[in-house]
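Residue numbers (our numbering): 1442 to 1842.
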C-alpha cells in the first residue's frame, strides 16, 4: 500500500474498522484538523478507546491519548500517540493505563509499497491480569507492537487481494456487487463477534448477576441492534488453555470433517459439508469468507484468518438464497458465534521455552425467546453453559489424543 492511504488509516475514523480486533470502542475528536492542502500533516486528535484481547479473561484497557500526525519530508510520515500526565488535563483512566509515546513511522518505497515501523509502549497495572493469560500479555503478543502491525498487514493484504481478483468468477451467476456485499456482511459479522466477546460497549451489555452465575463463563445480555432479531440477545464467552499450538487448534476447527464435534448446527448431519462460495481476502493465512451448506436449508456464513497475532473462526446461520439475491447486506440479520485462538506466549513464540500451548476462546450469541422487557430465564442460561462445557470438552478431548 502507498504511504498516504496508510497515513489516512490512522487519521480518519476508519481506524476503528481496521483495528476492530483490538479497538472495539472509541471516540475521536479533532483538535487540530488536516491542513488546507488536504493532507493530515500537523493534525491532532483526542482519542478515548478500549484496547482488548479477544478473551473474557483479559480485562480491557481504557486509554485516553492524543494522536499527532506529521510529514517530515515527502513520503515520510510519523504518527505518534501519547497520554499527557498533567493532572489538570484529566487524561487518567479508571484502570490506571497510560499510553506512553507509541506510533508508526511510514516511508513510501515506491511501486505501491511502504515500509512501516511500529513502536508500542503502555503503562498498565499487572495485578489486574489473571494468571492464565499472564504470559500472553508479558510476552507482548496480546497488545504489543507485533499484534498491531500484523492487524494492519492483514488489512492491507485484504485490500490488495480483493482488488486483484475477479469477483464475477466466484460463483456462477453471482455478480461482483453481491460478492462485495457478502464480504461486507462478513466484516459486520466479525466485528459483532469481537464486541460480544468483550461485552463492549458496556452501556449496551448487562451482566447476568444471578447468585448461581459461574466465574469461568461470562454471560451478558442486551437488546437487539439494527439488523438483528427483535428479542433479547444472550452472549456467553469462555476461554480454555490447550496444550497444542495455535496452528493445530485452527486446523482442527476449519476441517469440515470435525465440524460436527463443535458446531451445534452440524451435530446430527451425516452428509458432507459443501463449500458453496469461497472468497479469498489474502493469498496467505487462510484469510477467507465462505458460504457453507451444512445440509439443505441449513447454511452458515463464515470468516477465518490465521497469522502471527492469532487465529479466528466466526460463523453465523444465514438464509443462502437471501444472501445470494441481496445487493444490500445491511438488511441481512446476523448473530455470530465463533472461536479466537491466541498463542499463549510459550514455546510457539519463544524457542527457548519447552511448553507449547494456546488460549482458545469460544463465544456464543443466542436469541432468548422472551420479549425485550422481560428477564432472562436462568434455566436458559444453564442450558447455554452446559452447551459450552460440552463443546469445549469435545475440542479438548479431540486435541489431546
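Glycine included, C-beta positions come from ideal geometry on N, C-alpha and C.
Here residue 1542 has 1521, 1522, 1523, 1560, 1562 as same chain residues with Cβ atoms under 8 Å from its own Cβ, once five neighbours each way along the sequence are excluded.
Between the beta-carbon of residue 1741 and that of residue 1759 there is about 6 Å, and that keeps the pair under the 8 Å contact cut. Ranked by Cα distance from residue 1749, the first of 1451, 1590, 1544 is 1590. Taken in chain order, the whole alpha helix (DSSP H) runs of length 4 or more contained in the segment 1689-1773 are 1761-1766.
Per the coordinates, the alpha-carbon of residue 1687 lies some 6 Å from the alpha-carbon of residue 1783. Note on geometry: alpha-carbon atoms of residue 1699 and residue 1693 lie some 7 Å from one another.
For residue 1677, there is no enclosing alpha helix (DSSP H); the residue is part of the beta strand (DSSP E) that begins and ends at 1673-1683. A direct Cα-to-Cα measurement between residue 1648 and residue 1616 gives close to 43 Å.
The beta carbons of residue 1755 and residue 1661 sit about 17 Å from each other, so the pair does not count as a contact at 8 Å.
Inter-residue distance for residue 1507 and residue 1487 is about 5 Å (C-alpha atoms, whole angstroms). Boundaries around residue 1805 are those of the beta strand (DSSP E), 1799-1809, since no alpha helix (DSSP H) includes it. For residue 1784, the enclosing beta strand (DSSP E) begins and ends at 1778-1784. Secondary structure of residue 1490 (DSSP, three-state): strand. Contiguous beta strand (DSSP E) elements confined to the segment 1452-1478 occur at 1466-1473, taking only those with 3 or more residues. Residue burial is scored here from C-beta neighbours: residue 1659 has at least 16 other C-beta atoms within 10 angstroms and is therefore classed as buried.
Here residue 1713 is exposed, its C-beta having fewer than 16 other C-beta atoms within 10 Å.
At least 8 Å separates the beta-carbon of residue 1534 from that of residue 1786. Fully contained in the segment 1504-1572 are the following beta strand (DSSP E) runs of length 3 or more, in chain order: 1517-1523, 1543-1551, 1554-1560. Distance check between residue 1690 and each of 1624, 1638, 1802, 1637 places 1802 closest, using alpha-carbon atoms only. Residue 1632 carries a helical assignment under DSSP once its states are collapsed to helix, strand and coil.
The beta carbons of residue 1526 and residue 1509 sit no closer together than 8 Å. Within the model, the alpha-carbon separation for residue 1826 versus residue 1834 is close to 12 Å.
In the structure shown, residue 1577 adopts helical secondary structure according to DSSP, grouped into three states. Only residues of its own chain outside the window of five on either side were considered, and among them 1486 have a CB closer than 6 Å to the CB of residue 1471, listed in chain order. Between residue 1621 and residue 1724, the CB-CB gap reaches or exceeds 8 Å. Taking C-beta separations shorter than 6 Å and ignoring five residues to either side along the sequence, the partners of residue 1770 in its chain run 1622, 1625, 1626, following chain order. Taking every protein chain shown into account, the CB of residue 1842 has fewer than 16 other CB atoms within 10 angstroms, so this residue is exposed.
DSSP, read as helix, strand or coil, puts residue 1662 in strand.
Restricting attention to 1708, 1577, 1516, 1536, the CA atom closest to the CA of residue 1557 is found in 1516.
Per DSSP, reduced to three states, the secondary structure at residue 1485 is strand. Check the Cα spacing between residue 1744 and each of 1676, 1632, 1585, 1656: the tightest is with 1632. Here residue 1648 carries a strand assignment [DSSP, helix/strand/coil]. Following the DSSP letters along the chain, one finds residue 1842 in no alpha helix (DSSP H), marked with neither H nor E.
For residue 1519, the closest C-alpha among the options 1503, 1544, 1505 is that of 1544. With contacts defined as CB atoms closer than 8 Å, residue 1716 and residue 1549 fail to qualify as a contacting pair.
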